[in-house]
Amino acid sequence: MMGALDFTNRIKQMGATDGIGKQYALQLAEQGLNIVLIGRSPEKLKATESEVRMRSNVQVKTVVVDYSGGREIYDDVERELAGLEIGVLVNNVGMGYARMSEFLDMERDLHLRMLNVNMMSCVAMTYIVLPQMVERKRGLVINIASLAGVVPHPFVATYSATKVFVCFFSRILKQEYKEKGIQFQLVTPGFVSTNMTSQRDVSAGCPTAETYVRSAIATVGLQSRTAGYLMHDLFGAAIQLYSERALLKELKNEMIKFKAKQCKSE
Numbered sequence: 485m486m487g488a489l490d491f492t493n494r495i496k497q498m499g500a501t502d503g504i505g506k507q508y509a510l511q512l513a514e515q516g517l518n519i520v521l522i523g524r525s526p527e528k529l530k531a532t533e534s535e536v537r538m539r540s541n542v543q544v545k546t547v548v549v550d551y552s553g554g555r556e557i558y559d560d561v562e563r564e565l566a567g568l569e570i571g572v573l574v575n576n577v578g579m580g581y582a583r584m585s586e587f588l589d590m591e592r593d594l595h596l597r598m599l600n601v602n603m604m605s606c607v608a609m610t611y612i613v614l615p616q617m618v619e620r621k622r623g624l625v626i627n628i629a630s631l632a633g634v635v636p637h638p639f640v641a642t643y644s645a646t647k648v649f650v651c652f653f654s655r656i657l658k659q660e661y662k663e664k665g666i667q668f669q670l671v672t673p674g675f676v677s678t679n680m681t682s683q684r685d686v687s688a689g690c691p692t693a694e695t696y697v698r699s700a701i702a703t704v705g706l707q708s709r710t711a712g713y714l715m716h717d718l719f720g721a722a723i724q725l726y727s728e729r730a731l732l733k734e735l736k737n738e739m740i741k742f743k744a745k746q747c748k749s750e
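Mapping of the sequence shown onto the working numbering: position 111 corresponds to residue 595, and the numbering continues sequentially without gaps.
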């Protein structure tokens, strides 16, 4: 299940209709899986549905939901999914910062919406889908977090903290359900050239979404925790060599430089 795409002057929300989420849909469909796309924009969902159908001979269902909502949205999701045999759940929907900001520079409601999108969706969707997987004694849940969940990132405080939640949630459920035939995979990407990263220039360390997801899917069944891409794995290993104080100081300096570039470009 994947979310939608939304832009404001402070935040970006991404899921099934763009970037990593869209590529998971396209590439899982290439492997013959029927696809359910969940997101808030009917137009973007329809476009993604058309692309999936054009490239793969599979069934596609779309469900319109805004994950920034509260508890009330999940009753509708559960009804839409009733009767479907779901073998793979991709918890990809995420909301990030459109530009790096100190905590108080972003409105309170945007912080709270980010909690709903990045954390509540992961818990609620897993709760909806997991029972049928347990009954069948097989299933795969892929939780997309971030390298920002591996180490604290200044100027994206709430985003970074929500990704820590996703990391621990995935790792814990892996232990709880490994004897019941359920696989949980935690994926912690670094920079990928998508709308979430303002279409950052493609490089060895910043692949396209298509390249990234092809690499990440290849790790399914082999790694329960992965950055999904070799250069990101190497970077993740490198940051483990730093003390937290030294790493945070370096990250803060880099964030300040990047923030200054953002201000100049506006």
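Ideal Cβ positions, reconstructed from N, Cα and C, are used throughout, including at glycine.
Inset, instruction - Would you kindly work out how many angstroms separate the C-alpha atoms of residue 522 and residue 723, rounded to a whole number? - result: Distance between the alpha carbons of residue 522 and residue 723: 34 Å.
Inset, instruction - Give the DSSP bridge partners of residue 690, in chain order. - result: Bridge partners of residue 690: 687.
Legend entry - Beta-ladder partner(s) of residue 669, from DSSP: 626
Inset, instruction - Counting only runs of 3+ residues fully inside the stretch 565-595, write out the beta strand (DSSP E) ranges in chain order. - result: 572-575, 578-581
Inset, instruction - Can you have a look at residue 496 and say buried or exposed, based on whether 16 or more other CB atoms are within 10 angstroms of its CB? - result: Low confidence applies to residue 496: its pLDDT is 47, below 50, so where it sits in the model is not reliable enough to give any reading.
Legend entry - Residue burial classification, residue 686 (beta-carbon count within 10 angstroms, cutoff 16): So residue 686 ends up on the exposed side.
Legend entry - Beta-carbon separation (whole angstroms), residue 691 vs residue 676, contact threshold 8 Å: 6 Å
Inset, instruction - Look at the Cβ atom of residue 602, then the Cβ atom of residue 504, and state whether they are nearer than 8 Å. - result: no
Legend entry - Assumed close pair residue 625, residue 573 - CB separation to whole angstroms, cut-off 8 Å: 5 Å
Inset, instruction - Compare the beta carbon distance of residue 693 and residue 678 with 8 Å and say whether it is the shorter of the two. - result: Between residue 693 and residue 678, the gap from beta carbon to beta carbon is short of 8 Å.
Legend entry - For residue 621, three-class secondary structure by DSSP: The answer is coil: DSSP assigns residue 621 none of H, G, I, E or B.
Legend entry - Test item: CB-CB of residue 507 and residue 704 under 8 Å: no
Legend entry - Cα-Cα separation between residue 731 and residue 716, rounded to whole angstroms: 16 Å
Inset, instruction - Consult DSSP for residue 732 and reduce its assignment to one of helix, strand or coil. - result: helix
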